[in-house]
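So the structure is just underneath, and the comments pick up after that.
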Amino acid sequence: MSGVNVDTTPDRAALRSWLPGFVALAAIWGSSFLFIKVGVTELHPVHLTLYRVATGAATLLVVLAVLRDRLPRDPRVWAHLLVVAAFGVALPFTLFGFGEQRVESMLAGIWNATTPLIVLPLAVLVFRTERLTARRAIGLALGFAGVLVVLGVWEGVGGAHFTGQLMCFGAAACYGLAIPYQKKFIAGSAYSGLSLSAAQLLVATAQLALVAPLVAGAPPVPTGLSLRVVASVLALGALGTGLAFVINMRNIRLAGASTASTVTYLIPVFAVLVGAVVLGERMNWHQPVGALVVLVGVAVAQGLFARRRPGPAPVAPAARPVEPAARA
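Numbering that gives the first Met the number 0 applies: residue 0 is where the sequence shown begins, and numbers increase by one.
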């Protein structure tokens, strides 16, 4: 839903070597919004996030052990992870939970796609890791016009549904802060992306364990939950927050960071399809239209339509939700 992308692009790999993993990743992250919707029917959003993150952390610790990797040992890295864990995991996951108490899961998936629109201005103005060009400015303008269309501002603002959309947009804004922060202060470290993500989830678990009793009381015993809610939590943690990161790193290695980051465009498609088929959700006409405008704006800002010149492979900008990349 932040993840760390490598800054190198490998030689062009055969499509069949990375496409199945690419589609699987989009399906996993796109389905996360369905699982959140199911989870909040019985769990407070903070408790849902706590169980989800703890499960994801446990999954990545197992992967670390299998691969004989280790957690970071630099105290400065752990200090920066306090910020990344809060704004890249704990807050956005929780905000999506609160948001989906009020809006459809498919709409939450659409709002997740606005993350790059927030990443760019922060990266340019605050963290100085990117440069603002005319192309990127046009892409930002298009993207935020799409946001207004998704909101349907001409219909007026207010009500629980509008509040839920703002919460989902707030979650994307958290990712927008965490991604350039992570790129500036953590991505250049000597530790692997897997190690950093496992540490990030461990820190987020500790943060949530401290906050949850104060905000929502003691977490309920898992045995008191329905099977579908338990399955949703396990899917969110083990798949969407754990296994998805491993798949994403494989996609980066085989297809390159730039190609792998385009999974952002497929996530809302799967979110809409799953929400419609499984939950029977429906949207107003302006929401998918606005989503399309947002995605076009993101594509323009990221140079997807730009003519490629011969030369060294470009460095890809950091992309979402590890849950992990712009994940949910």
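Cβ coordinates follow ideal geometry from the N, Cα and C atoms, glycine included.
Just so you know, these numbers come straight off a predicted model, no measurement behind them.
Rounded C-alpha distance that separates Val-245 from Val-45:
What you label residue 245 is simply residue 246 of the sequence shown in a count that begins at 1. What you label residue 45 is simply residue 46 of the sequence shown in a count that begins at 1. Answer to the nearest angstrom: the Cα atoms are 25 angstroms apart.
Can you look up Thr-58 in the DSSP assignment and give me helix, strand or coil?
Translated into the one-based positions of the sequence shown, residue 58 becomes position 59. Correct three-state label for Thr-58: helix.
Given this structure, state the Cα-to-Cα distance separating Trp-153 from Gly-236, to the nearest angstrom.
For the purposes of this step, residue 153 is identified with residue 154 of the sequence shown, where counting begins at 1. For the purposes of this step, residue 236 is identified with residue 237 of the sequence shown, where counting begins at 1. Roughly 38 angstroms separates the two Cα atoms.
Let me make sure I understand the geometry here. Which of Ala-275, Thr-48 and Leu-80 has the alpha-carbon closest to that of Lys-182?
On the sequence shown, position 183 is the one that residue 182 refers to. Closest by alpha carbon: Leu-80.
Assuming contact is defined by CB atoms lying nearer than 8 angstroms, are Tyr-180 and Val-82 in contact in what I supplied?
The count along the sequence shown starts at 1 and reaches residue 180 at position 181. The count along the sequence shown starts at 1 and reaches residue 82 at position 83. A contact, by the Cβ cut-off of 8 angstroms.
Extract the residue ranges of the alpha helix (DSSP H) inside the stretch 58 to 115, only unbroken runs of 4 or more that lie entirely within it.
74 to 84, 90 to 98 and 104 to 111
Counting pairs of Cβ atoms below 8 angstroms between the stretch 91 to 103 and the stretch 186 to 201, do you hit three or more?
With a cut-off of 8 angstroms on Cβ pairs, the stretch 91 to 103 is not in contact with the stretch 186 to 201, counting fewer than three such pairs.
Find the nearest neighbour of Leu-303 within the set Leu-272, Pro-267 and Ser-257, judged by alpha-carbon distance.
The residue labelled residue 303 in the question sits at position 304 within the sequence shown. The option with the nearest alpha carbon to Leu-303 is Ser-257.
So, are the CB atoms of Ala-327 and Phe-21 less than 8 angstroms apart?
On the sequence shown, residue 327 is found 328 positions in, with the first residue counted as 1. On the sequence shown, residue 21 is found 22 positions in, with the first residue counted as 1. For Ala-327 and Phe-21, no; Cβs fall outside 8 angstroms.
Tell me where the alpha helix (DSSP H) around Gln-301 begins and ends.
The sequence position of residue 301 within the sequence shown is 302, counting from 1. Looking at the DSSP string, Gln-301 is not in any alpha helix (DSSP H), and its letter there is neither H nor E.
Would DSSP call Met-248 helix, strand or coil?
By 1-based counting over the sequence shown, the position of residue 248 is 249. Reduced to three states, the DSSP call for Met-248 is helix.
Look at the alpha carbon of Val-123 and the alpha carbon of Arg-227, and state the distance between them as a whole number of angstroms.
As a first step, residue 123 is located in the sequence shown; it is residue number 124 there, counting from the start. As a first step, residue 227 is located in the sequence shown; it is residue number 228 there, counting from the start. So the two alpha carbons sit approximately 43 angstroms from each other.
Output yes or no for whether 8 angstroms exceeds the beta carbon distance between Ala-243 and Asn-250.
In the sequence shown, the residue the question calls residue 243 occupies position 244. In the sequence shown, the residue the question calls residue 250 occupies position 251. Not closer than 8 angstroms, so no.
Looking only at its own chain, which residues have a Cβ that is under 8 angstroms from the Cβ of Met-282, when we skip the five neighbours before and after it?
Translated into positions along the sequence shown, residue 282 becomes position 283. Glu-103, Met-105, Leu-106 and Val-271, listed in sequence order.
Which residue from Ala-197, His-285, Ile-266 and Gly-255 puts its Cα closest to that of Leu-66?
Position 67 of the sequence shown, counted from the start, is the residue given in the question as residue 66. Selected option, being the one with the closest Cα: Ala-197.
What distance in whole Å lies between the Cβ atoms of Thr-240 and Arg-69, which are believed to be in contact at a cut-off of 8 angstroms?
Along the sequence shown, one-based indexing puts residue 69 at 70. Along the sequence shown, one-based indexing puts residue 240 at 241. About 20 angstroms; that fails the 8 angstroms criterion.
CA nearest to the CA of Gln-27, picked from Leu-291, Val-293, Val-292 and Phe-269:
In the sequence shown, the residue the question calls residue 27 occupies position 28. The amino acid occupying residue 27 in the given sequence is Ile; Gln does not appear at that position. Closest by alpha carbon: Phe-269.
Sort Gln-199, Glu-280, Leu-147 and Thr-222 by Cα distance to Val-76 and report the nearest one.
Indexing the sequence shown from 1 puts residue 76 at position 77. Cα-wise, what sits closest to Val-76 is Gln-199.
How would you write the range of the alpha helix (DSSP H) that Trp-17 sits in, first residue to last?
Your numbering for residue 17 matches position 18 in the sequence shown. 14 to 38 is the extent of the alpha helix (DSSP H) around Trp-17.
Evaluate Ile-137 with the Cβ neighbour count: other Cβ atoms within 10 Å of its Cβ, from every protein chain shown; 16 or more gives buried, anything less gives exposed.
Translated into positions along the sequence shown, residue 137 becomes position 138. Label assigned to Ile-137: exposed.
According to DSSP, is Val-125 part of a helix, a strand, or is it coil?
The residue labelled residue 125 in the question sits at position 126 within the sequence shown. If DSSP states are grouped into helix, strand and coil, Val-125 belongs with coil.
Which word fits His-160, buried or exposed, when buried means at least 16 other C-beta atoms lie within 10 angstroms of its C-beta?
Numbered from its first residue, the sequence shown carries residue 160 at position 161. So His-160 counts as exposed.
Taking C-alpha atoms, which residue in Leu-253, Leu-141, Phe-184 and Val-39 lies nearest to Leu-116?
Walking along the sequence shown from the start, residue 116 turns up at place 117. Ranking Leu-253, Leu-141, Phe-184 and Val-39 by Cα distance to Leu-116 puts Leu-141 first.
Determine the direct distance from the alpha carbon of Leu-121 to that of Ala-89, and round the result to whole angstroms.
Translated into positions along the sequence shown, residue 89 becomes position 90. Translated into positions along the sequence shown, residue 121 becomes position 122. Distance between the alpha carbons of Ala-89 and Leu-121 is about 20 angstroms.
Would you identify the three-state DSSP class for Gly-187, choosing helix, strand or coil?
Residue 187 sits at position 188 when you count from the first residue of the sequence shown. Three-state result, Gly-187: coil.
Could you tell me which of Thr-128, Arg-134 and Ala-171 sits nearest to Val-146, measuring between CA atoms?
As a working mapping, residue 146 is identified with position 147 in the sequence shown. With distances taken between Cα atoms, Val-146 lies closest to Ala-171.
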